[in-house]
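Some notes on the structure that comes next.
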Amino acid sequence: MFNKRWIFIGLVVMQTAIYGMGNVVMKIAYEGISPLWCAALRFGIAFAVFMLVFGRKVVPLLRGVRLGAWLPSSAFMAVSYLACSLAVNLTSATNAGFFIALPMLFTPVLSLLVTGSKFGKSTVFLQGMVIAGLYLLCCNGGALQFGWGELFGLFSSATFAASLVFGERGLGEVDPIALSTAQIGVTFVAALGAAIAFEPMPVFSAVPVASWASIAFLGLFGTCLAFFLQNFALAHVPSATVSVILCAEPVFTAAISAVALGEVLTGLGVAGAALIVASTVVASRLESKPAAEQGQLSAAEV
Numbered sequence: 001m002f003n004k005r006w007i008f009i010g011l012v013v014m015q016t017a018i019y020g021m022g023n024v025v026m027k028i029a030y031e032g033i034s035p036l037w038c039a040a041l042r043f044g045i046a047f048a049v050f051m052l053v054f055g056r057k058v059v060p061l062l063r064g065v066r067l068g069a070w071l072p073s074s075a076f077m078a079v080s081y082l083a084c085s086l087a088v089n090l091t092s093a094t095n096a097g098f099f100i101a102l103p104m105l106f107t108p109v110l111s112l113l114v115t116g117s118k119f120g121k122s123t124v125f126l127q128g129m130v131i132a133g134l135y136l137l138c139c140n141g142g143a144l145q146f147g148w149g150e151l152f153g154l155f156s157s158a159t160f161a162a163s164l165v166f167g168e169r170g171l172g173e174v175d176p177i178a179l180s181t182a183q184i185g186v187t188f189v190a191a192l193g194a195a196i197a198f199e200p201m202p203v204f205s206a207v208p209v210a211s212w213a214s215i216a217f218l219g220l221f222g223t224c225l226a227f228f229l230q231n232f233a234l235a236h237v238p239s240a241t242v243s244v245i246l247c248a249e250p251v252f253t254a255a256i257s258a259v260a261l262g263e264v265l266t267g268l269g270v271a272g273a274a275l276i277v278a279s280t281v282v283a284s285r286l287e288s289k290p291a292a293e294q295g296q297l298s299a300a301e302v
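So in UniProt numbering, spot 13 of the sequence shown is number 13, and the numbers just go up one at a time.
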């Protein structure tokens, strides 16, 4: 019998592909605009769209629930995207995509602390597989590159994991559209404030068409659509599983970077990508199994 959870897992895979493409599109946008202003415009467009379409429903709903239902997830999301913007600017799109795709290292433990959700040996095993795959992906001439861009990418993963965990908990009080609107709005305010504080005001008339097109894509697809898919899926799939599937993001980034930016993977990189995809498939299949069967597969829980 068809398991409906495959539909929601498919939504997360779609979101992952959008995020993977977004890393490359951000790199293109940065040719004509600075990172923080790009983030501010991106989330400004997305917030305007969500408020125009859903504002009348969302505002009363958010006012009627406690701040803890949506603010922690939104705040962590804002920090994550600011760090992500800097990571993509400070290193290659391929490397940034790898380190941004590590929330699964943090989500199981954070989920245990925040929501009490336990994880089994299968989760730890998949983490090990993904770490090995990411190491192979990040190797350049046999050595792992790690600089400020990679550090910001890792920080982005940690805060994104926190946003997933708090978002999963908050969805018990707010619907996916309301949570998406709150996350986008808080991130827009944070990005705009950071851009004003740390970057010069851009000459908007001088921004090239390619950068504007990239910003529009990031706002409409990389934010509006991706956030909705993520929060809709989180209402049906645990955050730990979502974070494992998101590890496939660098695979999409690497494939698109090879075509758009000329960032070609070595044989080790291809092997790492295959290992990550395999881990994602295993995680998806475990999540789609009936609870009793899954419990047998992960009998020893932390």
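Don't be surprised by glycine CBs; every beta carbon is placed ideally from N, CA and C.
Same chain only: Cβ atoms within 6 Å of residue i, ignoring 5 sequence neighbours per side
i, result
"leucine 61", "Ala178"
"alanine 299", "Only weak support exists for where alanine 299 lies, its pLDDT of 36 falling under 50; the coordinates are left without a value."
"methionine 1", "With a pLDDT of 46 at methionine 1, under the threshold of 50, the modelled position of that residue is not reliable, and no figure is offered here."
"alanine 190", "Ala78"
"alanine 195", "Leu36, Trp37 and Ala40"
"phenylalanine 160", "Ser80 and Pro103"
"valine 114", "Val165"
"leucine 52", "none"
"alanine 46", "Ile184, Gly219, Thr223 and Cys224"
"alanine 291", "Because alanine 291 carries a pLDDT of 43, less than 50, the predicted location of this residue cannot be relied on, and the following value inherits that uncertainty. For alanine 291, where only same-chain residues beyond five positions count, there are no Cβ hits under 6 Å."
"alanine 206", "none"
Start and end residues, alpha helix (DSSP H) containing residue i
i, result
"glycine 170", "148-170"
"glycine 185", "176-198"
"glycine 22", "5-29"
"phenylalanine 228", "226-234"
"alanine 44", "Strictly speaking, residue 44 in this sequence is glycine, with alanine absent from that position. 35-63 is the span of the alpha helix (DSSP H), which, as asked, contains glycine 44."
"threonine 107", "107-114"
"serine 214", "209-219"
"cysteine 84", "71-90"
Neighbourhood of residue i by C-beta, 7 Å cutoff - its chain only, sequence neighbours within 5 removed
i, result
"cysteine 247", "Ala101, Met104, Val130, Ile276, Ser279 and Thr280"
"glutamate 199", "Ser34, Leu36 and Trp37"
"proline 202", "Ile33, Ser34 and Trp37"
"alanine 235", "Leu171 and Pro176"
"phenylalanine 252", "Thr16, Ala17, Gly20 and Met21"
"leucine 126", "Val244, Ser279, Val282 and Ala283"
Cβ shell of residue i (< 8 Å), same chain only, five flanking positions each side left out
i, result
"alanine 226", "Gln15, Ile18, Tyr19 and Gly22"
"residue 321", "Because the chain spans 1 through 302 in this model, residue 321 falls outside it and cannot be assessed."
"glutamate 31", "Pro208, Ala210 and Ser211"
"isoleucine 25", "Contrary to the premise, residue 25 reads as valine rather than isoleucine in this sequence. Excluding residues within five positions, the ones whose Cβ falls inside 8 Å are Ser214, Phe217, Leu218 and Gly222."
"valine 65", "Glu173 and Val174"
Closest residue to residue i among the options (Cα-Cα distance)
i, options, result
"phenylalanine 232", "Ala258, Val189, Pro176 and Ala195", "Pro176"
"alanine 255", "Ser180, Val270, Thr241 and Ser243", "Val270"
"proline 108", "Glu168, Thr266, Ala87 and Thr91", "Glu168"
"isoleucine 28", "Val259, Thr266, Ala69 and Val65", "Val259"
"alanine 69", "Phe152, Arg56 and Gly172", "Gly172"
"residue 304", "Thr241, Thr91 and Arg63", "What is shown of the chain runs 1 to 302, which leaves residue 304 out entirely."
"valine 174", "Leu90, Val59 and Val12", "Val59"
"glycine 10", "Ser257, Pro250 and Thr241", "Thr241"
"phenylalanine 43", "Leu192, Ala206, Ala158 and Lys4", "Leu192"
"proline 122", "Val244, Ala274, Thr266 and Phe252", "The sequence given here has serine at residue 122, not proline. Here the closest residue by C-alpha is Val244."
"isoleucine 184", "Leu52, Val65, Arg56 and Ser74", "Ser74"
"valine 13", "Leu229, Ser85 and Arg66", "Leu229"
"phenylalanine 188", "Phe252, Ala158, Ser85 and Gly153", "Ser85"
"valine 186", "Ser257, Ser163 and Val282", "Ser163"
"glycine 128", "Val65, Phe106 and Lys57", "Phe106"
"phenylalanine 54", "Gly267, Val282 and Ser180", "Ser180"
Whole-number beta carbon distance between residue j and residue i, since they are thought to touch under 8 Å
i, j, result
"phenylalanine 166", "proline 72", "4 Å"
"alanine 96", "glycine 170", "Not really, about 28 Å apart at Cβ, beyond 8 Å."
"valine 237", "phenylalanine 8", "5 Å"
"leucine 82", "glycine 147", "Not really, about 18 Å apart at Cβ, beyond 8 Å."
"alanine 87", "phenylalanine 152", "4 Å"
"serine 111", "serine 239", "6 Å"
Distance cut-off 6 Å: residue i Cβ against heavy atoms of the ligand HEM
i, result
"leucine 82", "Looking for the ligand HEM in the displayed structure turns up nothing, as the structure carries no ligands at all."
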